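S.K.:
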Amino acid sequence: MSDLATLLESWEPVIGLEVHVQLACESKAFSPSATSFGAPPNSLTDPTVLGLPGALPTFNAHALELALRLGVATGAKIRARCRFARKHYFYPDLPKGYQISQYDEPLCEEGGIELWLGGVRKKVRLQRIHLEEDAGKNLHHGTASLVDLNRAGVPLCEVVTLPDLHSAEEAAEYMRALHRLVRWLGVGEGDMEKGQLRCDANVSVRRRGEDRLGVRTELKNINSFRFVHRAIEHEIARQVRILEDGGQVERETRLWDADAGVSQPMRSKEEIADYRYFPDPDLPPLAVDGPTMRKVITTMPELPVPRLERFMREYGLPFDDAALLTDDRERADYLDEAVRAAGDGALARPIASFMLTELLRVLDGQPIAKAPVAPAALAELIALVAGEVISGKIAKDVFAKMCASGEGAQHIVDRDDLRQISDEATLRGLCEELLAAHPRQVEQYRAGKDSLLGFFVGQLMKATGGKANPALSTKLLEQLLAAT
Amino acid sequence: MVLTREEVAEIAQLARLALRDDELDALRGELAVILEHVEVLGQADTIGVEPMTHAVPTALRLRADQVEPSLPVAVALADAPAARDGCFEVPAIIKAAT
Amino acid sequence: MSAELAYAGAAELARRVRAREVSAVELTDAFLARIDAHDGALGAYLAVDHEGARNRALIVDAMIAAGQDPGPLAGVPVGVKDVIVTEGLVTTAASRILDGWVPPYDATAVARLRAAGAIVLGKLNCDEFAMGSSNERSGYRPCQNPWDLGRVPGGSSGGSAAAVAAGLAAATLGTDTGGSIRQPAAFCGVVGLKPTYGRVSRWGAIAFASSLDQIGPLAGSVEDCALLLEVIAGADPRDATSIDQPAPSLRPALTAGVAGLKVGLPREYFEGALDPEVAAAVRAAGDALVTAGAELREVTLPHTRFALPAYYVVAPAEAASNLARYDGVRFGHRGGGRELAEMYATTRAEGFGPEVKRRIMIGTYALRAGHYEAYYRKAQQVRALIKRDFDQAFEEVDVLLTPTTPTAAFARGEKAAPLDMYLADVFTLACNLAGIPGLAVPVGATASGLPIGAQLLGRALDEVTLVRAGAELERAFGTRRPPAYEGAA
Ligand SMILES: [Mg+2]
Ligand SMILES: [Zn+2]
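Residue numbers (this note's numbering), protein chains in the order written: chain A, -17 to 466; chain B, 2 to 99; chain C, 377 to 865.
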């Protein structure tokens, strides 16, 4: 594998992703049983989910609204009347023998997802976003298989890109961007471990400079962010090796085996895949009406990439900080709210850095919604630092007290007498006492050991319980030490 | 209308019908007759005619996202030809070797 | 019980039950006794729910005793075609693949019948999955025509028509995909009403061809059909194709007469292979309407010859899809096989009868990649032309009068070739393709005594006019009963 980088100088991977996004609905796409995760097998069914004779589908309005949010956010063309189609194949986890999906008249077409790659902004173009239902689950069990239909009928949208991605890294970054967007919009939870985001990859390679696409394979069952990268990289390497050896890539579907770290062909070649699509006669065309569209447009939040760029532009944040703070919408909202409460754009940077260090440390992986300190309260704290009422170091202690008690920063500072000592005369007196108490160190400093300045500052802080204004103290100590 | 035996067998395979040779032969003839009859459709001038997929031209009514009680597991599995551990049981899905 | 009660009709029986002239239990027991006595030879029922029916009847009687109104079908014993699911009562669609299946839910139409006080006696025979025109294609046993046990009752709702004709149910539900209510009604000398597509919820109707299927009533009179449709019609949130309209009020139309009504005779329905006796009876029906004040006109439906071929693409294509769920995994029959693919193929080969397999094969062929445009899509375009024909005709006339079938009931085994059988529906299936309502009414008999049915076709949602004209034909031609069933049980 070590020579892959070298080989990729002459081979270009071409990757398109088909991602299934579970929509955040309480009930299923076409019937009213629940979509909860982790329920006992086959406890979330109804006649429609089971495909019982005589049962019919009815469509979930919320699924439409969520898919529309994603469509509008990606700038896709929304079809005013789209259509459901039946996609036929026999499999035990597919109760009706067909999946209700969309075929030639999907809800959304075109549009794209923006992402930052190695400092460059890129738009991955979408082919379509369509609505469909999920299948159930087959559990292989020796000579038999067990079928659990709890997932069957769960509402999904399938987001299909054009073959716009050219490396495993890009594919992984796209998945992160889509994941972020889906959560940002409240379209879905996007938990890959729970199968709420599932990725199939179409991978081919071609000689660099060539226009024609190579033969592609479809990789299925990539169910974690880590595996997106690994599985695609593995497939690129496999194809490059075949082609380097003068062989031909077979057009096939391959299943990623995460445990073995390899992919295996899924279907036999002689089996005919013919889905016999036709418009579902049980479901009239799905019309997107004006009020629904207006609601989606007027409630559309500022999207992650524009927000990241605004944080850099308006708040002067470095890219990495802006990216971290727009990794989820609640974080970004927190920052905006704190800056608004501070009433001073100049505080944005210190607020952001305090969030990225202290607040995230306290949260220890929990979402920002769990923050023990509200944005306005944090703004108050940072304003005290900026106004030199307290030092940055004291601010951390105050923050800890705020987390513990929920009390405000100003209140804690006043009560515990934590105001910085910034009065020059007072500080000068303290410094003189200190120098008098440490004649040997003064001697050494004056003999050229400059590094002892830190010792004096430390001693002063110790004596004042950290309250001495650090900048002023340093200046005064320097003056006094230089004096004689 | 000529249908080859292989074509008929392929359709049977797609439809998951295990047909005997004599059934395949009979169907080959019957299908040919029916499809020939159906070929009359070619004489209808349908240029620019929108296909009528639904008898009534309405838009889909939508259902509110509200959960209703599921069937009890025992009811869901009541008529299953084979069940185990709360699941429908089926013969192994043998992956074709390559 | 006297045959008088057996043939009194649903509306009259409900009146008597509500007036406490007869109890629901007495009625139910009487009909059950008639079924026990006659159905062995007739074969109208696939399942009889003695216990369930009696229990329901007890509830109805208790309601009446308590001064509550059980509804417009109080105590009326009805039968339900076996393609309509009934909670707790075995439902097979007359297919071996559903052998012994007990549904956990009621079809909306059945639930509405029950809520109106009706007593479900049992499940009625039909062609397997409603695919047939003779009831010879039942996976269990054929049903005979009560007028002549050597003849077919028609199909696919053969049991539904035969049960009414033989007085084994006061009224029944059937389904009509290409004539499956109207054709057997005509063969058995009863009234059958196929409502506008979407008028009656399909929730719980085991799908044959989803864009064509419609549940409707069969009964001894136009009044009873009207009454049943009033009960079962109306929007249903569980069927996205049900029309968002309340149930129509039909019974006032029974006595409205036909004065001023413009009745069209579509030229294409009187050409070709039409039995002269049937043609004469239908023309006589037209004359009767004229006598009652209607105006008769010849109209043309130029795309009529495309109806049968379009139907034999659309219906099998949808059927092949709808029948994919019968795979031996969750319910019904399972065939042998140590691996999955084999289990599927044996399940379906063993469970489906030859006609069903044939249609699955045609439908699968028509939907294959590369065939879709030329077959399914083309047929749906032709369907639009057929609909346009009707729209144009209904600009000139209010209702169309046609034969229901090319001949009266044919003999068992007479139509062995599939296409010959399909031709039995040649006059009924355009109505399904267009989604409009149709009513079959008896208009006399052949010289050998077999019933002949006329067909009335109306505008979408205009069942009222069908009832108006149908009631007039009924007044003109009366009703007849097969003599063998005139005796007590
Ligand atoms: Mg896909
Ligand atoms: Zn999909």
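Virtual Cβ for every residue (Gly too), placed ideally from N, Cα, C.
If you're wondering where the values come from, they're calculated on a predicted model, not measured in any experiment.
Buried or exposed for residue 540 of chain C, going by 16 or more other Cβ atoms inside 10 Å?
M.R.: Buried.
S.K.: Spell out whether any CB of chain B is found under 7 Å from the CB atom of residue 719 of chain C.
M.R.: Yes, contact with chain B.
S.K.: Spatial neighbours of residue 675 of chain C within its chain, please: C-beta separation below 8 Å, excluding the five flanking residues on both sides.
M.R.: Excluding positions up to five away in sequence, the list reads 640, 641, 642, 643, 769, 772, 773 and 776.
S.K.: Report the three-state DSSP secondary structure of residue 609 of chain C (helix, strand or coil).
M.R.: Correct three-state label for residue 609 of chain C: strand.
S.K.: Examine ligand 2 and report whether any of its heavy atoms sits within less than 6 Å of the Cβ of residue 114 of chain A.
M.R.: Yes, the beta carbon of residue 114 of chain A sits closer than 6 Å to at least one heavy atom of ligand 2.
S.K.: With DSSP as the reference, label residue 42 of chain A as helix, strand or coil.
M.R.: DSSP places residue 42 of chain A in strand when its eight states are reduced to three.
S.K.: Find the nearest neighbour of residue 817 of chain C within the set C:661, C:394 and C:456, judged by alpha-carbon distance.
M.R.: When each option's Cα is compared against that of residue 817 of chain C, the closest is C:661.
S.K.: Would you kindly work out how many angstroms separate the C-alpha atoms of residue 447 of chain C and residue 791 of chain C, rounded to a whole number?
M.R.: Using only the alpha carbons, I get a separation of about 43 Å.
S.K.: Using 7 Å as the limit for Cβ to Cβ distance, is residue 341 of chain A near chain B?
M.R.: No, residue 341 of chain A does not count as interfacial toward chain B.
S.K.: Report the partner residues of residue 139 of chain A according to the DSSP bridge assignment.
M.R.: BP columns for residue 139 of chain A point to A:3 and A:113.
S.K.: Sorry if obvious, but does the Cβ on residue 140 of chain A come closer than 6 Å to a heavy atom of ligand 2?
M.R.: Flag set: Cβ of residue 140 of chain A near ligand 2.
S.K.: Scan the segment 615 to 697 of chain C and note each continuous alpha helix (DSSP H) run of 4 residues or more that stays entirely inside, going in chain order.
M.R.: Taking only runs of at least 4 residues, the alpha helix (DSSP H) segments lying wholly in the segment 615 to 697 of chain C are 652 to 667.
S.K.: Starting from the C-beta of residue 97 of chain B, find all residues in its chain whose C-beta is less than 7 Å away, skip the five residues before and the five after it, and write them out in chain order.
M.R.: For residue 97 of chain B, the pLDDT reaches just 43, beneath the cut-off of 50, and the residue's location in the model is therefore unreliable, although a value from the coordinates is still provided. The answer is none, since no qualifying residue turns up.
S.K.: Does any residue of chain A bring its CB to less than 7 Å from the CB of residue 582 of chain C?
M.R.: Yes, residue 582 of chain C counts as interfacial toward chain A.
S.K.: Can you tell me whether DSSP reads residue 64 of chain A as helix, strand or coil?
M.R.: Strand, per DSSP.
S.K.: Cβ of residue 616 of chain C within 7 Å of Cβ of residue 40 of chain A?
M.R.: Closer than 7 Å, so yes.
S.K.: Residues of chain C with CB closer than 8 Å to the CB of residue 256 of chain A, please, in chain order.
M.R.: Ordered by position in chain C, the residues that pass the 8 Å Cβ test against residue 256 of chain A are 744 and 745.
S.K.: Hey, residue 707 of chain C and residue 477 of chain C are a contact pair by Cβ (cut 8 Å); roughly how many whole angstroms apart?
M.R.: Yes, residue 707 of chain C and residue 477 of chain C are in contact; Cβ-Cβ is about 5 Å, under 8 Å.
S.K.: Along the alpha helix (DSSP H) that carries residue 407 of chain C, what are the first and last residues, could you check?
M.R.: Residues 400 to 418.
S.K.: Can you tell me which of the three DSSP states residue 759 of chain C falls into?
M.R.: Looking at residue 759 of chain C - three-state DSSP - the assignment turns out to be helix.
S.K.: Using a Cβ cut-off of 7 Å, which residues of the segment 32 to 46 of chain A contact any Cβ in chain B, in chain order?
M.R.: Residues passing the 7 Å Cβ filter: 32, 40, 41, 42, 43, 44 and 46.
S.K.: Provide the residue(s) that pair with residue 96 of chain A in DSSP beta bridges, ordered along the chain.
M.R.: A:105, per the DSSP bridge assignment.
S.K.: Kindly indicate which three-state DSSP category residue 251 of chain A falls into: helix, strand or coil?
M.R.: Its pLDDT being 47, under 50, residue 251 of chain A is placed unreliably in this model, and the coordinates cannot settle the point.
S.K.: Just confirm the distance between the C-beta atoms of residue 636 of chain C and residue 669 of chain C, as a whole number of angstroms; I'd bet it's less than 8 Å.
M.R.: Confirmed, Cβ separation roughly 7 Å.
S.K.: Of all the options A:148, A:52 and A:119, which has the alpha carbon lying nearest to the alpha carbon of residue 111 of chain A?
M.R.: When each option's Cα is compared against that of residue 111 of chain A, the closest is A:52.
S.K.: State yes or no: is the beta carbon of residue 831 of chain C nearer than 7 Å to at least one beta carbon in chain B?
M.R.: No, residue 831 of chain C lies away from the interface with chain B (no Cβ there is under 7 Å from its Cβ).
S.K.: From what residue to what residue does the beta strand (DSSP E) around residue 166 of chain A run?
M.R.: Not the beta strand (DSSP E): residue 166 of chain A falls in the alpha helix (DSSP H), residues 150 to 166.
S.K.: Cα separation between residue 551 of chain C and residue 702 of chain C?
M.R.: Spanning the two alpha carbons is a distance of roughly 20 Å.
S.K.: So residue 580 of chain C and residue 36 of chain A are supposed to be a Cβ contact under 8 Å. How far apart are they, rounded?
M.R.: Indeed they touch by this definition, with Cβ atoms about 4 Å apart.
S.K.: Name the two residues that bound the continuous alpha helix (DSSP H) containing residue 16 of chain B.
M.R.: Neither: residue 16 of chain B is in no alpha helix (DSSP H) and is coded neither H nor E.
S.K.: Tell me the rounded alpha-carbon separation between residue -12 of chain A and residue 241 of chain A.
M.R.: Taking the straight line joining both Cα atoms gives about 27 Å.
S.K.: So which residues on chain C does residue 79 of chain A lean against when the C-beta distance must stay under 7 Å?
M.R.: Those within 7 Å of residue 79 of chain A in chain C are 700, 701 and 703.
S.K.: Please determine, among C:734, C:842, C:626 and C:543, the residue with the shortest C-alpha to C-alpha distance to residue 414 of chain C.
M.R.: The candidate whose alpha carbon is nearest that of residue 414 of chain C is C:543.
S.K.: Any chance the segment 8 to 16 of chain B sits against the segment 34 to 49 of chain B, with 3 or more Cβ pairs inside 8 Å?
M.R.: These segments do not touch.
S.K.: In whole angstroms, what is the alpha-carbon distance linking residue 29 of chain A and residue 634 of chain C?
M.R.: Cα to Cα, the separation comes out at about 45 Å.
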